[in-house]
Each structure stands twice: as structure tokens, then as C-alpha cells.
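Student: So the protein sequences, as listed, match chains A, B, C and D.
Sequential numbering from 0 applies to the first sequence in numbering that gives the first Met the number 0.
Sequential numbering from 0 applies to the second sequence in numbering that gives the first Met the number 0.
Sequential numbering from 0 applies to the third sequence in numbering that gives the first Met the number 0.
Sequential numbering from 0 applies to the fourth sequence in numbering that gives the first Met the number 0.
Backbone N, C-alpha and C fix where the C-beta goes; we use that ideal spot for every residue, glycine too.
Computed from a prediction, not measured in an experiment: that's the story for all the values here.
There are 4 protein chains.
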Amino acid sequence: MRQHEKDSARNRKLFMDAAEALFAANGFFRTTIEDIAEQAGFSKGTIYNYFESKKNILMVILDEKFDAFLSGAKSILDMNGNLDEMLLKLVEYHLKFFQQNTNFFRLIAAEQYKLGEKLSYEIHPKIISNYRNFQNLLQNILERFPDSLRKDVPMTELARALHGIISSFMTEYIFSESRSNIVKKAPTVVALFLDGAKKITRETRE
Amino acid sequence: MRQHEKDSARNRKLFMDAAEALFAANGFFRTTIEDIAEQAGFSKGTIYNYFESKKNILMVILDEKFDAFLSGAKSILDMNGNLDEMLLKLVEYHLKFFQQNTNFFRLIAAEQYKLGEKLSYEIHPKIISNYRNFQNLLQNILERFPDSLRKDVPMTELARALHGIISSFMTEYIFSESRSNIVKKAPTVVALFLDGAKKITRETRE
Amino acid sequence: MRQHEKDSARNRKLFMDAAEALFAANGFFRTTIEDIAEQAGFSKGTIYNYFESKKNILMVILDEKFDAFLSGAKSILDMNGNLDEMLLKLVEYHLKFFQQNTNFFRLIAAEQYKLGEKLSYEIHPKIISNYRNFQNLLQNILERFPDSLRKDVPMTELARALHGIISSFMTEYIFSESRSNIVKKAPTVVALFLDGAKKITRETRE
Amino acid sequence: MRQHEKDSARNRKLFMDAAEALFAANGFFRTTIEDIAEQAGFSKGTIYNYFESKKNILMVILDEKFDAFLSGAKSILDMNGNLDEMLLKLVEYHLKFFQQNTNFFRLIAAEQYKLGEKLSYEIHPKIISNYRNFQNLLQNILERFPDSLRKDVPMTELARALHGIISSFMTEYIFSESRSNIVKKAPTVVALFLDGAKKITRETRE
DNA sequence: CATGAATGAGTCTTCATTCAT
DNA sequence: AATGAATGAAGACTCATTCAT
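In C-alpha cells:
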């Protein structure tokens, strides 16, 4: 890789980081190309040497983050462990990724469903797909332990509930603008998911 | 109420319904005043006889829906019942309200975090406030049954988890564009929340 | 004249008074038809039973006031008197008319030159014409006393200077928002015009 | 000063000249941003690289012209001369400035009093202030020669009368759309102001 | 006649994108 | 590659005028 290619890659990253932060903070339509350029330390026109369009920046951000997130999550599937351990690892991974990419989650939360007709045709599927992919990973793990899980609720819905509990902790984190270590909440999330909210005699369950 | 007052109220409703649907479908910034007018069957300028500005339409929608949602939820608190029954009622209420106002939930999900600096100062607090208010209602119910609930997790987090499970079922509904009766899922939601995903000998729990 | 005709004339006057005041206060383009209607105690649409258009209101106001002003001024020409007396009468008349119609003078001062291409084609000539007509009246009087006036300056310019001095007192009145009796200044105006600002031995002049 | 800075200043001037001419010709509200851009040889949006808003263009024009006018007038005060000479210089200066900036005077004459509530709060004071400042300059000169001037009329009113005579010649120039050299009228203006319109034996006055 | 809801042409302003330097 | 002036399509909002009641 020659020098100018390294520069190029570095600048591209600068634009993407700036865009990610600004999209998250102000929304896609309220963020101007000039805002992004300024934040990245360049001037407006330069962006078009790196990205085709404003929309393209968003697409690239989504692709890179989703790829990174899912490939990391998948690598956890290859590990061994019992139900509790596996779930804990995955939940910890999600919360950690969230903590390191709060801006990004804010962004997809904000633009979660629709961004306008044209844009949404391209972006919405990415978001849904990522959402479902992660939920499938959860489900994959659960399916390895059929005997440990209740039968009266479909696996899909079990996975969905876990996904919901994880999300609720992230939402709280975003709304409260807390800076505490959310990863520590992983055991609570798993415990609530597996054992529920009711008071029980622990002995009878294990 | 005279005729023109009835018309006025009816037209206002027409605009709000149109705006709600379009904001939900295309986002606030992608939706033009002209779109809303056309959808409502009027022309551009007429909107300004009913609302001060585009932003004002959004504010009014949020206020009305949140008020309706919360006042309905509060009335459930006045009822009696055991933990399972109370939670079931509240979850059913939420899912029903969701089913009747899917557009609205899509809207607040989409605009959940940020809408741009100025707008978000006024709207974000409303959304957070509604979110917290409902979570507090859940917590209020849980607090009536301290002896039935596990002690190792704070009430706040129990309520948060329940809120998360409810949301995950609504998210699925939105993503899948399902038209099935989501209210039927209320017992599953409550069961998962209270008893968790693990297979257990029911007898030992009660 | 039947009753409804009297009402009609009265309402017409209400609209014109309202329009005159508002045009003067806010300018023609900043004044809305709704403002005028409200000020007159009617609602928007009613204006169109009395006037063809917003522009038409302005035209009618100008015509009526200019006619009144000039016909009053002309009647002074029919009187007798020496130079000082005649000028004093005319200046007093102008200042009195001004005082009773401050709004109107504010209006023509503000819209004095142009109101936009279309409008100005119709209104500008009226204003200029009135301006010149009054100046001609002044000149007519001066021309009756050729032996009393300096010969080194054309009559036109003498009349113009007098017009200027009158206007400067009205301008001061408007700018200072004074409510004092401007008519009292007539003798000063005439004296300054006839004798100038220099200190002189009065005896040598008469 | 680098090239693009020169261009920038030049373009800014182009916009201001175009705006000045159009505001003068058609009034502020009748002049559109697109008119100005076209007249200046640019397209609409470009104006906003040079001025914040349409209103801002007007403000900047007023500020620059008034500053130039008053600073030029003040420099005349520093000169020496007798009453006639000093007044002649100042009147010539005013008429010359007028001749070189007819558009501008047309503009402030047209917008002299009101431009609508908001705008007038900012612009009206500028116009009045300039008007008074110049009148004060006239008065300053007159006050240097108390023994040459009549005592029965306050200095303020003497200055006002002179201002009025000057204005009447400019008004005539605008109304007649004359292109003759108005500066030549300065001696007439001064003579009429100082000696009045009456025929006198010049010898008796000096 | 009076009303005021509806209309839509007209205006200011924003901003993604282009392109000459 | 970087710049930033120029562009012009697009959108919020205003308001004179119309017209059904």
C-alpha cells in the first residue's frame, strides 16, 4: 500500500467518523455535507473525492459497522459453553459493541425504520437484516439447548424476548446519557431472560 | 357545537392522520407540507388554517397520542388483581394501543432520538418522558407485589426488562409488516417476563 | 339615498380609514387584506364587496385625498390679499391638512416613488401630479407679485423652495412624532421663505 | 489581498449595486432575491454566500452609504470659510453625493418611513439618524455665525429650512428624471436660504 | 351582504452537487 | 487532491382572491 493510499484510507475514515457522529446527533437530513466536511477538517468539495453522495456515506457506514458487528458475533458461536455461558458471552459482546459505538446505535435507532421513500428502499433492509441476523444468532444458541428451555414458547419468541431485554438496557443507557459500564449488566440481562422476574427457590432450578 | 366547528375538528383530524402516516412512512424531514395536504385531500395553504407550522403538527400529534396512551394506561392501575393479571392487562393495553396506532409507533420509533438540534429540544423530552412514564407504571404495579418478585434485581430493571420484551414484539410486528393480532401475544410476554425462558417444574414456583 | 346605500358608503369609509392607517404604519405590501378587514370590524371576504382589489383600495384613497387637498387649496387662490397674506393662507392650509391627515402623508411619503413595477405605473403619476399641482398653486400666487420677488431665480425654483421648507417642517413632525400644533409654524415658514435666514434691517425691506 | 478576495469584494459590490437599483425602482418587498441575482449576473443561491438574507442586503447598503455620506460631510466642517462659502460647500457636497447615488436616495425616499413592523425597527432609526445628523451638521455651521443670522427663528428651524430647500431640488430631480447637473443649483439653494425670495436692495444687506 | 375556509401562485431560504482553480 | 464559489431544485410559508354557506 503506497503512501497516498494510506492517506486516502485515513481521510475516508475521518469523514465516516464525522458523519457517524453527526448523523447520530442531528439526524441524516439535518446533517449537511458541509457539517461533515468541517468536522473532518476538510472542505465541502473534498468529500466527493471519497464518497459518491451524502447517501453513500450513510450506506458505507452501515455496511462496515454491521459487518463488523455480525462477524464478531458469529465468532462467538464457534466457542463452547453451556447455555448461560454462551448467552452471557453474546450479550456481553453486544453491550460492549454498543458501548464502543454508541453514536452508531443512536443513528440506527433514529433512522431505524424509514428515511424517506428512496433512501429507505436501500437502508431499511440493511437495518432489518442486521436485526434479524443477530436475533438468529441468539436463536442458534438457544437451539443448542432444547432441553433446558421451555417448550410452550417458540424459539423465535424466546430469542426475540432476549433481544428486547438487551435493547431495553441500551435504550436506558441512551436516554439517561449514562456513562456507566453497561457491560456489567450482561449477567442481569441473562438472568432475567432465563429465570424471569419471579421470586423462586433457586435450588429447584438447577 | 355548530356545523363549521364540527368540520373544523374533522379536517384537523384529517390532517393529523395524514401527517402521522406520512411521518411514519417517510420521516419528518422527507415529508412535505404538500404531501400532507394532498393526502388529507386539501391544498397546501389550508394546513396553515389548522396548524402553525409543520413542526407544530408533529408536536400536536405527539401530545395527543401520548396523553391518550398514558391516561388509558393509568386507568388500568386503578383496577385490582394479582401480579399476573395486572401485568397482563397493562401489556394487553399497550399492544392494543400499538395495533390501533401502528403508524404512530413507527413514527416515534423513527424519530426516537434526534430530529435535529432545534426540533429535538422540544420533541425528544416528550418521547423520553412518555417512555419513562410507562416504565414507571410498570414499576408501580411490580412494587405492589414485592414478595412475589426476585430481590437480586432492582425494580427499575425488572420494569425495564418487561418494557423491552413488549417492545421486541412490537418491533417484530413492524419489521415483518405482519397484520396478525399482536394482542394475543400478551400472555406470552407476561409469562416470559415472570418465569423466564428456562424449562421449569411449574409446581415449584407457586 | 336609501338606507342600505348609506350603510354601504359608511362601510366603505371604514375600510378606507383602516387601510389608510395601516398602509401608513406598515407599508402597502406589509399590510394584509385581513389586517384591514379586522381593523374595520369586518372579515376578509367582505372587502371584496366594496373594492375590486387591495390595489384598488390604495388608488381610491389617493384619489379622494388628493382631490380634497387640491380643491381646498384652489379655493384659497380665489381670495385676495398681499403676497405675505396669500402665502400664509396656503401654507396654513397645507399644514392643517397635513395635521388632520398625518397618516395619509406618511403613506405617500413612504410609497412616494415606487411600489413595484405594475403598481407604480398607476400610482406614481398620481403622486407626482399632486406634488406638481400644489407647487403650481404656489407658483400662481408668486406670479401675482412679480415686483415683490427677486428676479435672479426662476419662479419655478422659488415655488420649489417654499414647497421644500413646508415639507421639512412636516418631515420633522413625522420623525419626531410630535403632537404639537404644526399650523403655528406657518408664519415662520413664510418668513424664512420670503426674507431668508440672514439678519437684516427690517426697515430696508418694506 | 489574494485574487479570490478581490473577486469576493467585487461580487459583493455587484449584488449591492443591483439591489440598490432594484429596491429603488421597485421597492423592497417587490424586489425578489431572484431579481437581484439575475441583475447581478448570478443565480439565486449565490447571494447567500455574500449576505445573510434579503433584509441584510438592505441593511448593509444603508450602513455603507450613510457612513460614506456623513464622513464626507463631516470633513467639510473642518474647513474654513465664511457663512456663504461653508454652506455652499456643504450643499454642493450633498447634491453631488445625491447625483452620484440617485438610486440610493430614491430608495431611502421610498422606504423613508415604514417597511413593516419588524424591518422598520431596524431601518427606520438608521434613516432618521442620518437625516438628523446631516441637519445637525448644517446647524453646526450656522452656529458659527450667530451675528449673521436672524434671531427670531431658532437655529434648529433655520437648519431645517435649508435641509428642506435642498431636498426640494433633489425631489424635482427625481420626479422629472432630469439628468442635468444638479450641483449647479447649489448657489441658488444657498442664496434662497440666506436672502429669501423677496426682491431686495442687495447693498442694504451687507 | 357577511363570512372564513380553501386555494395556489409567489418568495425566501437551504443545501447537495458540480467544477474551475 | 483540496477548495469553495456557483448552481438550481426543492421546500416551508404567506396572502390576495374566490366562493359556498
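Output the residue ranges of the alpha helix (DSSP H) runs that lie fully inside the region 54–139 of chain A and measure 4 residues or longer, sorted by chain position.
Tutor: 82–99 and 101–109
Student: Residues of chain B with CB closer than 7 Å to the CB of Thr187 of chain A, please, in chain order.
Tutor: Per Cβ cutoff of 7 Å: Val152 and Glu156.
Student: Please list the partners that Tyr172 of chain A has in chain B, where partner means a Cβ-to-Cβ separation under 8 Å.
Tutor: Per Cβ cutoff of 8 Å: no residues; Tyr172 of chain A is ~11 Å from chain B at best.
Student: Would you give the residue range spanned by the alpha helix (DSSP H) that Ala196 of chain B belongs to?
Tutor: Segment: none, Ala196 of chain B is in no alpha helix (DSSP H) and carries neither H nor E.
Student: Please list the terminal residues of the continuous alpha helix (DSSP H) segment that includes Glu171 of chain C.
Tutor: For Glu171 of chain C, the enclosing alpha helix (DSSP H) has its first and last residue at Met154 to Ser175.
Student: Note down the Cα distance separating Val188 of chain B from Ile140 of chain B, rounded to an integer number of angstroms.
Tutor: 16 Å
Student: Report all residues from its chain with a CB closer than 6 Å to the CB of Ser42 of chain B; omit the five preceding and five following residues, and keep chain order.
Tutor: Ala36
Student: Where Glu19 of chain D and Leu106 of chain D are concerned, what is the direct C-alpha to C-alpha distance, given to the nearest angstrom?
Tutor: 7 Å
Student: Which partner residues does Leu148 of chain B have in the DSSP bridge list?
Tutor: DSSP, once it has assigned bridges, lists A:Lys197 as partnering Leu148 of chain B.
Student: Where Phe22 of chain D and His123 of chain C are concerned, what is the direct C-alpha to C-alpha distance, given to the nearest angstrom?
Tutor: 15 Å
Student: Counting contacts by CB-CB distance shorter than 8 Å, is Tyr92 of chain B in contact with chain A?
Tutor: Taking a beta-carbon distance threshold of 8 Å, Tyr92 of chain B does not count as an interface residue toward chain A.
Student: Comparing the C-beta of Lys198 of chain A with each C-beta of chain B, is any distance below 8 Å?
Tutor: Answer yes: the Cβ-Cβ gap between Lys198 of chain A and chain B drops below 8 Å somewhere.
Student: Just mark Ala158 of chain B as buried or exposed, buried being the case when its beta carbon has 16 or more other beta carbons within 10 Å.
Tutor: buried
Student: Is the beta carbon of Ala185 of chain A sitting closer than 8 Å to the one on Val90 of chain A?
Tutor: In this structure, Ala185 of chain A places its C-beta atom within 8 Å of the C-beta atom of Val90 of chain A.
Student: So, Leu136 of chain C versus Ala72 of chain C, is the Cβ gap smaller than 8 Å?
Tutor: Contact check for Leu136 of chain C against Ala72 of chain C passes: the beta carbons are separated by less than 8 Å.
Student: Determine the DSSP secondary structure at Met30 of chain C, reduced to helix, strand or coil.
Tutor: What sits at residue 30 of chain C in the sequence shown is Thr, not Met. DSSP places Thr30 of chain C in coil when its eight states are reduced to three.
Student: So, is Tyr172 of chain D buried or exposed, given that buried needs 16 or more other C-beta atoms within 10 angstroms?
Tutor: buried
Student: Output yes if chain D places a C-beta closer than 8 Å to the C-beta of Tyr47 of chain C; else output no.
Tutor: no
Student: Throw me the rounded Cβ distance for the Ser166 of chain C and Gly163 of chain D pair, which I believe falls under 8 Å.
Tutor: Their Cβ separation, rounded to whole angstroms, is 6 Å, which keeps Ser166 of chain C and Gly163 of chain D in contact under 8 Å.
Student: Three Cβ pairs or more, each shorter than 8 Å: is that satisfied between the region 69–85 of chain C and the region 64–83 of chain D?
Tutor: no
Student: Decide if Ala190 of chain A is buried, meaning its Cβ has at least 16 other Cβ atoms within 10 Å, or exposed.
Tutor: buried
Student: Can you list the residues of chain C that Gly80 of chain D reaches, using a CB-CB cut of under 8 Å?
Tutor: Ordered by position in chain C, no residue passes the 8 Å Cβ test against Gly80 of chain D, which lies about 16 Å from the chain.
Student: Within a Cβ cutoff of 6 Å, which residues of the same chain sit near Phe192 of chain C, ignoring the five residues on either side of it in sequence?
Tutor: Leu161 and Ile164
Student: Leaving aside the five residues before and after Lys88 of chain C along the sequence, list all residues of the same chain whose C-beta is less than 6 Å from its C-beta, in chain order.
Tutor: Ile75
Student: Ignore the nearest five residues each way along the sequence and tell me which others in Tyr112 of chain C's own chain have a CB closer than 6 Å to its CB.
Tutor: Low local confidence applies: a pLDDT of 44 at Tyr112 of chain C is under 50, so the model's placement there is unreliable, and no value is given.
Student: If the cut-off is 8 Å on Cβ atoms, which residues from the region 120–151 of chain C count as contacting chain D, listed in chain order?
Tutor: Under the 8 Å Cβ criterion, the region 120–151 of chain C contributes Ile127, Tyr130, Arg131, Leu141, Asp146, Ser147, Leu148, Arg149, Lys150 and Asp151.
Student: If you measure from the beta carbon of Arg29 of chain C to each beta carbon in chain D, is any gap under 8 Å?
Tutor: yes
Student: Using a C-beta to C-beta distance shorter than 9 Å, which residues of chain C count as neighbours of Gly71 of chain D?
Tutor: Within 9 Å Cβ-Cβ: nothing; Gly71 of chain D doesn't reach chain C, min ~22 Å.
Student: Does Arg178 of chain B come out as helix, strand or coil in the three-state DSSP assignment?
Tutor: The answer is coil: DSSP assigns Arg178 of chain B none of H, G, I, E or B.
Student: Return the Cβ separation of Val59 of chain B and Phe68 of chain B in integer angstroms, given the expectation that the two are a contact with Cβ distance under 8 Å.
Tutor: About 15 Å separates the two Cβ atoms, so there is no contact after all.
Student: Under 8 Å by Cβ, that's how I've got Leu148 of chain B and Lys198 of chain A pegged, so tell me the actual separation to the nearest angstrom.
Tutor: 6 Å
Student: Strictly under 8 Å for the Cβ-Cβ distance: is Gly44 of chain A near chain B by that measure?
Tutor: no
Student: Identify the contact partners of Leu61 of chain B in chain A, using a Cβ-Cβ distance below 9 Å as the criterion.
Tutor: Chain A residues near Leu61 of chain B: none, gap ~16 Å exceeds 9 Å.
Student: Using a cut-off of 9 Å between C-beta atoms, extract the partners of Asp194 of chain A located in chain B.
Tutor: Arg149, Asp194, Gly195, Ala196, Lys197 and Ile199
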